[in-house]
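**Q** Just passing along the structure, written as structure tokens.
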Amino acid sequence: MLMHLSLRLRVLLIFAGLGVAVILATALGLWLGYSRLDAPGAGQGFIQAGVVAGFATLGLVAGVWYLFDLNVAKPIETLSGALRARAHADVNADMDAAIARYLGDLAPAAQAAAQSLSETRSALAEAVARETLRLGSEKARLEALLSDVPVGVILCSADHALAFYNSPAADVIGAGRGKGLEAGLDRKLFDYLHAAPLRHAYDRLIATADPDAASDLLCTTRDGARVLAARMRLLGDAGSPGYVLTLRDITGDMATEARREAMLAEALDSLRRPTAALATLVEVLPEDALPAPLEAALKEEVARLSQAVTRFGAARDEGQGEASALPQTRASDLAAGLTARLDTLGITVAARTADLLLRCNGFEIITLLAAAAQHVDARGSARDLQLAIDEEDSGAAIRLSWQGPRVTVAELDHWLAEPLSPEMPDRPASAVLAAHATEVWPEASAGRAALCLPIRRARRAVARPAPVARNVVYDFELLSPARTDKLADSRLDRMTYVVFDTETTGLNPRQGDEIVQLAALRIVNGRRVDGEVFDTLVNPGRPIPAVSTSVHGITDAMVADAPPVADVVRRFHKFAEGAVLIAHNAPFDMEFLRRVEAQLGLTFDMPVLDTVLLSAVVYGQHEVHSLDALSHRLGINIPEEARHTAIGDTLATADAFLKLVPMLAGRGLDTFGAVLVEVRKHGRLLKDLN
Amino acid sequence: MDRKPRILVVEDEDNIAVALDYLMTREGYDHDRVSSGADAMPRIRATHPDLVLLDVMLPEVSGYEICEGIRMDPTLADVKILMMTARGSAIERRKGLALGADGFVSKPFELKALREEVRRLLSIGV
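Read top to bottom, the protein sequences are chains A and B.
Numbering follows the working numbering, in which position 453 of the first sequence is assigned residue number 453; successive positions increment by one, without gaps.
With the second sequence counted from 1, adding 690 to any position gets you the working numbering.
Dropping the structure here:
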């Protein structure tokens, strides 16, 4: 009864009825009193009437309370309990709507909310399970890939604990099976490798504050059995970043090189001395000691032998110091490393370096120089320690100088016989000189003493090259057989797109306006591939009007050396081949491309999606669909400096598209065909180009 | 120079020393030889030669140390030093010259070149 009325109307009716009942009870009491006015004891009548009215009112209030308790308070409590159970206790059973049948739409609404919550939970759980599966599968593929890479790859935390290693890494650090120490995650890298060169490289990388810097170094296993060429690169985390270490075992290379070098040295030495003696002896032979023809022949052969030995020696000298194992080390890194090392020892050194790349083992050279500086400092009479690294011939000269007495050759030879560091008791400092095929000697001039250490090979450093995009470009979904070739049935989130934008000389391609900048990027399987970007200025072959320059900032001078339109469009066609094109207001950009189709013999016949139309599908035609408005609605931030640059607008369009895809899917538009049907309904807004 | 130029050969290789001995005699120099680095400095101080023909690789005390010893002794400031090396690397040459050598020849040396270098250092017309 009355269930068809709204809850508010029913509540109004209950209280209206209560009001009427109270008035009736009061009226009844008053009437009873009034009817006994003439009777003796009329006052008693009024009292009776008041009591009747009071009890009647009390009864009514009690009745209303009972009804409220039964039909409002109790159902609300039951309903809130049921909602809490679904919110917090993961209960998925249907709610009994009958418990709140007098609370209007509250029970069905609560039931709908609970059901929606349950569905969202299930969808979330499914999505998490799906993503976990996908990540698990990607992880397995990455693991397979890394285990097949022939170099050792190690990821370490900032405190040098192993977070990842592949099997070649386990092998080269000497942690393979049966080698005593098993590799283990969270074990310290220094359990396997000598710490000093690694710590030194890490500190140097931190000091450069350049996220793209890498440090090449040589390190050895703890047992000294292997020499490893390593490259360290910091992981991008701020603060105390971890690092990636790639390792290559060069023990064999070095042993071969050392054997070859020793053989050469022995061969040369064993030839040089007797040849020198022979050449001198032949020259000083007494006259008539031999018949003239014999003497002439002997002198000629000895001269040839001398020349050959001299030539051989010069060639060997030239080739020394080019050992492939020696890494390139920046002079400023050497200086920074030495300064830091000496700082810890309380020794101050002022450094001045030319911008050079030295072929040397940075760690060993720094250790050698630090040891020398310590010796100089320990003599107590050295002041104003300075380090200078200058270019010299095809190499460099490192000079450690100070004010004070010079070091003698004998002292120096004594130092050089000492171990380089306590970690390497078997490696004297002189071994470092031998490995670099160099010498060190004392010098003195203008009241300053110095040690000079030449490095055979160095070259001027150019500015660090622009960082090569280090992003590994991959998408394992491409290996999935689920990809379909049927365009209309293709899922939007599984397709390959090329999002692009142009900047032009003006808005009228038919009146000769041309492209001045073209940028594009690829989206594969719902992910922007940052490593695959097309971005170029274009020489439009005509002046750029000032009004256009004021929009995109591109001037005639900027495009003077840029490739012409035809070249760029041809390259872009290749870049976009096989993908769906996406642009914001695509007809405008496509017209610039299509007008050179005939000239190039190409056709831009790829499917095209327009984010203006997709925005209209999602938000309706009444909204503004400019890129700025769409980006604002979707929470995409376009930096002001990037706005109206082709790449900036391309990025914004791509991000907008990636956000529109799930919104379209939410409306059941998850295939290219379904979206196309919907887009065509907005033909009034823009022409669909498919 | 009224007297014969005095040359000290510091060389541990006997056959080279023999050859140099013949050469020095033929050139008319007053010459002498020591075969170890340890004997070199006392002999140089005692005989004050005009030129020391100094091998780099010597037992006990290296040719570089002897070279430095001569240059650090002001009484030997006019002694010329011609270093000889069997290794002959450019860096050894630089080291020798930095330590005060006046010339540097690599083994095997052409006798003509050695003769001319000796004459140059002794300021004798070639």
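Quick reminder that beta carbons are idealized off the backbone N, C-alpha and C, glycines included.
(1) Is it buried or exposed, A:Pro-75, if we count other Cβ atoms within 10 angstroms and call 16 or more buried?
(2) Between A:Ala-214 and A:Arg-199, how many whole angstroms is the CB-CB distance? I'm expecting something under 8 Å.
(3) Could you tell me the alpha carbon to alpha carbon distance between A:Pro-40 and A:Gly-17, rounded to whole angstroms?
(4) On the DSSP letters alone, give me the boundaries of the alpha helix (DSSP H) that A:Lys-139 sits inside.
(5) Got a sec: which bits of the region 561–582 of chain A sit with their beta carbon under 8 Å from any beta carbon on chain B, in order along the chain?
(6) Tell me which residues share the same chain as A:Ala-110 and place their Cβ nearer than 8 Å to its Cβ, disregarding the 5 neighbours each side in the sequence.
(7) Going along chain A, which residues have a C-beta under 9 Å from B:Glu-755?
(8) Need the endpoints of the beta strand (DSSP E) that A:Gly-152 sits in, please.
(9) Among residues of its own chain, excluding the 5 on either side of A:Leu-357, which ones have a beta-carbon nearer than 8 Å to its beta-carbon?
(10) Measuring alpha carbon to alpha carbon, tell me which residue in A:Glu-577, A:Gly-239, A:Leu-28, A:Ile-173 is nearest A:Ala-195.
(11) Report the option in B:Gly-753, B:Thr-715, B:Ser-752, B:Asp-729 whose CA atom is closest to the CA atom of B:Lys-694.
(12) Between the Cα of A:Glu-532 and the Cα atoms of A:Ile-544, A:Val-538, A:Val-524, which residue gives the shortest distance?
(13) What is the DSSP secondary structure of B:Glu-757, reduced to helix, strand or coil?
(14) Can you tell me the Cα-Cα spacing of A:Asn-71 and A:Tyr-102, whole angstroms?
(15) Over the uninterrupted beta strand (DSSP E) stretch that includes A:Ile-647, give me the two end residues.
(16) So what does DSSP say about A:Tyr-34, is it helix, strand or coil?
(17) For A:Leu-281, go through chain D and note every residue whose CB falls closer than 8 Å to its CB, in chain order.
(18) Closer than 7 Å, CB to CB, is A:Val-153 near chain B or not?
(19) State the start and end residues of the unbroken alpha helix (DSSP H) segment that holds A:His-375.
(20) Going by DSSP in three states, A:Ser-445 sits in which element: helix, strand or coil?
(21) Could you please give the first and the last residue of the uninterrupted beta strand (DSSP E) stretch that includes B:Lys-770?
(22) By the criterion of Cβ-Cβ separation under 7 Å, what are the contact partners of A:Thr-275 in chain B?
(23) Could you list the residues in the region 767–780 of chain B with a C-beta less than 7 Å from some C-beta on chain A, going in chain order?
(24) Give me, in chain order, the residues of the same chain whose beta-carbon lies closer than 7 Å to that of B:Tyr-719; leave out the 5 immediate sequence neighbours on both sides.
(25) With A:Ala-62 and A:Leu-28 assumed to form a contact (beta carbons below 8 Å), what rounded beta-carbon distance in angstroms separates them?
(26) With a 10 Å radius around its C-beta and 16 neighbouring C-beta atoms as the bar for buried, classify A:Ser-147 as buried or exposed.
(27) Any contact between the region 601–615 of chain A and the region 514–523 of chain A? By contact I mean 3 or more CB pairs, one from each, below 8 Å.
(28) Is there a C-beta anywhere in chain A that falls below 7 Å from the one on B:Val-700?
(29) Along chain A, which residues have their Cβ under 7 Å away from the Cβ of B:Lys-694?
(30) Compare the C-alpha of A:Arg-399 against each of A:Leu-117, A:Ala-350, A:Ala-435 and name the closest.
(31) Mind checking if B:Glu-806 is an interface residue toward chain A, Cβ cutoff 7 Å exclusive?
(32) Comparing the C-beta of B:Ala-788 with each C-beta of chain A, is any distance below 7 Å?
(33) For A:Val-559 and A:Ser-631, what's the separation of their Cα atoms in angstroms?
(34) Would you call the CB atoms of B:Ala-776 and B:Lys-797 closer than 7 Å?
(35) Since A:Ala-410 and A:Ser-430 are thought to touch, with beta carbons under 8 Å apart, how far apart are those beta carbons, to the nearest angstrom?
(36) Just checking my contact of A:Arg-595 with A:Pro-509 at CB under 8 Å: how many whole Å lie between their CB atoms?
**A** The structure says:
(1) buried
(2) Wrong, their Cβ atoms sit about 16 Å apart, outside the cutoff.
(3) 36 Å
(4) 106–148
(5) none
(6) Leu-79, Ala-82, Leu-83, Met-95, Ala-100
(7) Thr-408, Val-409, Ala-410, Asp-413
(8) 152–156
(9) Gln-328, Thr-329, Arg-330, Ala-331, Ala-458, Arg-459, Arg-460, Ala-461
(10) A:Ile-173
(11) B:Thr-715
(12) A:Val-524
(13) One point to set straight first is that residue 757 of chain B is Cys, not Glu, in the sequence displayed. B:Cys-757: helix per DSSP, three-state reduction.
(14) 6 Å
(15) Run containing A:Ile-647: none in the beta strand (DSSP E); it sits in the alpha helix (DSSP H), 646–666.
(16) helix
(17) Checking the listed chains, one finds no chain D in this structure; the protein chains it contains are A and B.
(18) no
(19) 362–378
(20) strand
(21) 770–775
(22) Pro-798
(23) Ala-776, Gly-778, Ser-779, Ala-780
(24) Lys-694, Pro-695, Ile-697
(25) With 8 Å as the limit, A:Ala-62 and A:Leu-28 do not qualify as a contact, their Cβ atoms being about 18 Å apart.
(26) exposed
(27) no
(28) no
(29) What B:Lys-694 touches in chain A: nothing, since even the nearest Cβ is about 18 Å away.
(30) A:Ala-350
(31) no
(32) yes
(33) 29 Å
(34) yes
(35) The pair is not a contact, with the Cβ atoms about 14 Å apart (cut-off 8 Å).
(36) 6 Å
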